[in-house]
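Asks: In the numbering used here, the protein residues as written are 3 to 358.
We treat Cβ as the ideally placed atom computed from N, Cα and C, and that holds for glycine.
Just passing along the structure, written as structure tokens.
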Ligand SMILES: N[C@@H](CCC(=O)N[C@@H](CS)C(=O)NCC(=O)O)C(=O)O
């Protein structure tokens with residue numbers, strides 16, 4: 003049976019903006035290669051429509067399961083924006099994902115069972131599903147996708163403006179930059195995760211990490227043909243080996259300083275041994291068997307605040323249960339090494355980089 007064409011996304015959805023998807027788009031033309039659709043909203047905090055303000059005018063919607071959204075949660079926490087930018091964690095399910103119409107039963111992330119963690123979260127803007135947010139901010143959003151025969155892309159993270167009821171951005175790479183710098187005048191920390199002198203090095207490592215690792219694991223897992231999977235797997239492991247070697251020479255991706263690039267790598271690695279190794283068939287090695295990646299994983303985990311953003315149970319349930327095109331039974335596995343605390347903390351770890 004041919005599985006051709008059952009992968010996610012079409013090449014023409016990549017968009018022509020200067021976004022990550024466009025810059026690092028999957029160049030594989032093999033039928034069945036995955037092409038992540040472009041996110042639609044790319045406004046900036048600090049513009050006349052969206053001036054920097056505190057008091058939760060802006061609200062961040064993230065899923066604890068999603069690695070892109072997790073980036074934002076980590077930066078929000080490290081920048082101590084708890085009383086400045088609101089936060090809602092979605093539930094873990096994405097129900098009724100389908101690649102073929104009709105898409106009527108697909109509503110995206112829900113707020114029925116809200117996120118876990120040591121502080122409480124709520125959905126203050128009256129949305130039941132993330133679909134409600136997208137439709138409120140951009141009426142006709144569903145229709146725009148359905149008219150092209152596609153499932154509406156209800157991506158998280160979303161940075162939402164409660165005043166204008168518009169989406170500022172739905173692109174994690176841009177949201178983490180804004181969280182890092184746009185609320186500086188209100189933020190109780192001087193931590194800068196994108197120092198000017200490291201920007202070009204950051205871009206250099208992002209250009210490896212995004213296509214081969216962050217999106218790379220999805221290119222393996224969502225491949226719709228054997229050939230597309232094999233191409234994605236090869237490129238993924240070229241990237242992993244490069245980063246393993248780099249982290250053998252220095253503590254973080256750009257040297258000794260922890261930056262947004264490290265956050266971006268970390269949220270993928272944190273899911274690796276639980277999910278990607280088996281569910282996405284990236285199974286050459288586990289992170290725990292790659293000494294430098296594993297050291298990095300544990301090192302970042304020990305930065306104060308990071309641990310509280312990691313919800314492994316919801317990560318596991320989300321992928322294995324929601325992605326029925328990959329795992330039709332929806333059964334999630336038991337017995338993960340990552341569920342043991344000793345996986346994350348070892349006595350010979352380096353001292354934490356930051357204590358907030
Ligand atoms: N380029 C986006 C990717 C976000 C993304 O694809 N999020 C997935 C979850 S991992 C999502 O929300 N999917 C919902 C959908 O496909 O409707 C970003 O980095 O923010």
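#1: Would you mind sorting residue 301 into buried or exposed? The rule is 16 or more other CB atoms within 10 Å of its CB.
#2: With respect to 8 Å, is the separation between the Cβ of residue 239 and the closest non-hydrogen atom of ligand 1 below this value?
#3: For my contact list, residue 77 and residue 200 are in at a C-beta cut-off of 8 Å; report their separation, rounded to the angstrom.
#4: Give a yes or no on whether the C-beta atoms belonging to residue 247 and residue 294 are separated by under 9 Å.
#5: Take residue 132 and list the residues in its own chain whose beta-carbon comes closer than 6 Å to its own, dropping the five residues that flank it on each side.
#6: Output needed for residue 286: all residues of its chain with C-beta closer than 6 Å, excluding positions within five of it in sequence on either side, in chain order.
#7: Which one of 41, 162, 96, 94 has the shortest CA to CA distance from residue 126?
#8: For the beta strand (DSSP E) that residue 161 lies in, which residues bound it at each end?
#9: With C-beta atoms as the reference, is residue 311 less than 9 Å away from residue 72?
#10: Looking at C-alpha atoms only, which residue of 184, 268, 105, 308 is the closest neighbour of residue 212?
#11: My assumption, with CB atoms under 8 Å, is that residue 169 sits in contact with residue 326. Please give the rounded CB distance.
#12: From residue 206 to residue 350, what distance separates their C-alpha atoms?
#13: Around the C-beta of residue 107, are 16 or more other C-beta atoms found within 10 angstroms, so that it is buried, or is it exposed?
#14: Is residue 219 close to chain D? Criterion is C-beta to C-beta, closer than 9 Å.
#15: Check whether the Cβ of residue 155 lies closer than 8 Å to any heavy atom of ligand 1, and answer yes or no.
#16: Excluding the 5 residues flanking residue 75 on each side, which residues of the same chain have their C-beta closer than 6 Å to its C-beta?
#17: Quick one: complete alpha helix (DSSP H) runs, 4+ long, within the region 55–80?
#18: So, for residue 345: in the same chain, excluding its five sequence neighbours on each side, which residues have a beta-carbon less than 6 Å away from its beta-carbon?
#19: With a threshold of 16 other CB atoms inside 10 Å of the CB of residue 174, please say whether the residue is buried or exposed.
#20: By Cβ distance, which residues of its chain are closer than 8 Å to residue 342, with the 5 residues on each side in sequence left out?
#21: Can you give the beta carbon distance from residue 96 to residue 280, rounded, assuming they're within the 8 Å contact cut?
#22: Since residue 408 and residue 209 are thought to touch, with beta carbons under 8 Å apart, how far apart are those beta carbons, to the nearest angstrom?
Replies: Put simply:
#1: Translated into positions along the chain shown, residue 301 becomes position 299. Label assigned to residue 301: buried.
#2: Position 237 of the chain shown holds residue 239. Result no, Cβ not under 8 Å from ligand 1.
#3: Residue mapping note: residue 77 aligns to position 75 of the chain shown, counting from 1. Residue mapping note: residue 200 aligns to position 198 of the chain shown, counting from 1. Their Cβ separation, rounded to whole angstroms, is 16 Å, which puts residue 77 and residue 200 out of contact at 8 Å.
#4: The residue given as residue 247 occupies position 245 in the chain shown. The residue given as residue 294 occupies position 292 in the chain shown. Against a cut-off of 9 Å, the Cβ pair of residue 294 and residue 247 comes out as a contact.
#5: Stepping through the chain shown from its first residue, residue 132 is reached at position 130. So the list reads 110, 111, 156, once near-sequence residues are dropped.
#6: Your numbering for residue 286 matches position 284 in the chain shown. Hits under 6 Å: 239.
#7: Taking the chain shown and counting its residues from 1, one reaches residue 126 at position 124. The candidate whose alpha carbon is nearest that of residue 126 is 162.
#8: Along the chain shown, read from residue 1 onward, the residue named residue 161 stands at position 159. Counting along the chain, the beta strand (DSSP E) containing residue 161 begins and ends at 160–163.
#9: For the purposes of this step, residue 311 is identified with residue 309 of the chain shown, where counting begins at 1. For the purposes of this step, residue 72 is identified with residue 70 of the chain shown, where counting begins at 1. Yes.
#10: Here residue 212 refers to the residue found at position 210 of the chain shown. It is 268 whose Cα lies nearest to the Cα of residue 212.
#11: As a position in the chain shown, residue 169 is number 167, starting the count at 1. As a position in the chain shown, residue 326 is number 324, starting the count at 1. With a Cβ gap of about 28 Å, residue 169 and residue 326 do not count as contacting.
#12: In the chain shown, counting from the first residue as 1, residue 206 sits at position 204. In the chain shown, counting from the first residue as 1, residue 350 sits at position 348. About 30 Å.
#13: Residue mapping note: residue 107 aligns to position 105 of the chain shown, counting from 1. Residue 107 comes out exposed.
#14: Absence of chain D from the displayed structure is noted, only one protein chain being present.
#15: For this step, residue 155 is matched to residue 153 along the chain shown. Yes, the beta carbon of residue 155 sits closer than 8 Å to at least one heavy atom of ligand 1.
#16: Counting from 1 along the chain shown, the entry for residue 75 is found at position 73. Closer than 6 Å at Cβ, skipping near neighbours: 64, 311.
#17: 69–80
#18: Position 343 of the chain shown, counted from the first residue, corresponds to residue 345. Closer than 6 Å at Cβ, skipping near neighbours: 339.
#19: Here residue 174 refers to the residue found at position 172 when the chain shown is read from its first residue. Looking at its Cβ environment, which holds 16 or more other Cβ atoms inside 10 Å, residue 174 is buried.
#20: Here residue 342 refers to the residue found at position 340 of the chain shown. Same-chain partners within the cutoff: there are none.
#21: Sequence index remark: in the chain shown, residue 96 carries index 94 (1-based). Sequence index remark: in the chain shown, residue 280 carries index 278 (1-based). About 19 Å; that fails the 8 Å criterion.
#22: Here the chain covers residues 3 to 358 and nothing more, so residue 408 does not appear.
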